[in-house]
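In what follows, a structure is listed as structure tokens, so that the remarks can point back to it.
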Amino acid sequence: EQHVASNELLKGKKVLVTAGPTREKLDPVRFFSNHSTGKMGYAIAEAARDFGADVTLVSGPTSLVRPQGIQTIQVESAQDMYEAVMKHFQHSDIVIKTAAVADYRPKYVADNKIKKQQGDYTIVLERTIDILQTLGKQKTHQFLVGFAAETNDVERYAKEKLARKNADMIVANNVVQEGAGFGTDTNIVTIFKRDGTAKQLPLLPKSEVAKQILREIHYEIEGRL
Ligand code: CTP
Ligand code: CA
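Position 105 of the sequence shown, counted from 1, bears residue number 280 in the UniProt record's numbering, the numbering being contiguous throughout.
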């Protein structure tokens with residue numbers, strides 16, 4: 176049995192990774208967002224670079240430092256992320272959508288700061304575009320990987336997302352589990368594949384989870400480890 180040297184596992188492959196949260200503006204001083212810190216996505220981008228890939232990282236706002244040797248594009252909203260991803264999609268071989276993209280944004284964005292009034296305030300939200308689902312419809316040769324952050328019924332939701340988004344793999348984590356989810360340096364994930372099988376990984380540092388995911392992707396593409 177032959178193993179490819181680690182630093183050449185993804186040599187010549189163009190890998191597009193998205194990471195972090197998005198921010199959806201309400202007015203010049205306020206936005207909607209989520210708890211994503213970008214750690215999992217950055218770990219994947221760095222591991223792909225270390226495996227020899229040519230990596231582009233599209234990142235929402237995070238406090239992480241720009242990784243060396245990776246083309247990093249900073250974006251803010253779901254719409255910005257969509258546009259940046261579409262620019263790079265055609266020439267990518269592997270797309271890994273780790274970002275926690277907002278599903279809704281304020282329908283009306285105020286030009287000036289909204290002043291408080293007496294009583295309740297109602298904000299109308301509209302849907303953002305589902306980037307992964309759009310890629311799933313348009314993909315030609317790209318291997319598409321989605322993430323699923325769930326608080327319950329992980330397997331059912333992950334399998335449903337795999338099908339609905341036409342992805343090749345869904346990496347699911349239960350974000351309320353100890354050692355998994357937002358802001359931690361470790362994660363516990365299960366990798367769901369098109370053939371209906373699932374591979375559960377133990378509690379690992381996000382850097383190790385990243386390597387395992389990339390090895391699985393390589394295996395799916397090349398048919399060997
Ligand atoms: N995703 C995306 N664009 C969106 C929303 C999600 O590309 N507007 C991607 C995420 O980056 C992730 C995958 O879809 O790779 C799953 O995201 P998730 O939020 O778990 O799924 P949703 O389809 O948004 O379903 P829900 O939030 O209702 O569980
Ligand atoms: Ca969502």
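We put the beta carbon where it would ideally sit given N, CA and C, even for glycine.
Here the structure is a predicted model, which is why all the values come from computation and not from measurement.
What do you get for M256, buried or exposed, if any count of 16 or more other CB atoms within 10 angstroms of its CB means buried? buried
How long is the line joining the alpha carbons of D225 and F206, rounded to whole angstroms? 35 Å
Assuming T193 contacts K272 under a Cβ cut-off of 8 Å, what Cβ separation, rounded to an integer in Å, is found between them? 5 Å
Mapping the DSSP letters down to three states, classify L319 as helix, strand or coil. strand
Let me check you understand the geometry: is the CB of G294 closer than 6 Å to at least one non-hydrogen atom of ligand 1? no
Cα-Cα separation, A373 to L337: 12 Å
Could you pull out every residue in the same chain whose Cβ sits closer than 7 Å to the Cβ of H266, ignoring the five residues on either side in sequence? K189
Do D202 and I345 have their C-beta atoms closer together than 7 Å? no
In the DSSP output, which residue or residues are listed as bridge partners for I366? V346 and K374
From G227 to L184, what distance separates their C-alpha atoms? 7 Å
Proximity winner among V384, E199, V270 and D286, relative to V250 (alpha-carbon distances): E199
Would you kindly report the start and end of the unbroken beta strand (DSSP E) that includes S234? D229 to S234
Please go through the same chain and pick out, in chain order, the residues whose beta-carbon is closer than 8 Å to the beta-carbon of residue 130, but skip the five residues on each side of it. Because residue 130 is not part of the residues shown, which for the chain are 176 to 400, the question remains open.
Quick check on D229: buried or exposed, where buried means 16 or more other Cβ atoms within 10 Å of its Cβ? buried
So, at 7 Å on beta carbons, what are the nonlocal neighbours of D278 in its own chain, with the 5 sequence-adjacent residues on each side left out? R302 and T303
Using DSSP bridges, identify the partner residues of D202. R205
So the alpha helix (DSSP H) R241 belongs to, where does it begin and stop? Where R241 is concerned, there is no enclosing alpha helix (DSSP H), given that its DSSP letter is neither H nor E.
Inter-residue spacing [alpha-carbon to alpha-carbon] between V350 and G358: 10 Å
Does the Cβ of M215 have 16 or more other Cβ atoms within 10 Å, making it buried, or fewer, making it exposed? buried
Expressed to the nearest angstrom, what Euclidean distance is found between the alpha-carbon atoms of H263 and L191? 7 Å
Only counting the same chain, and skipping five residues up and downstream in sequence, which positions put a Cβ closer than 6 Å to that of R280? E199 and T303
CB contact flag (S211, P196, <7 Å): yes
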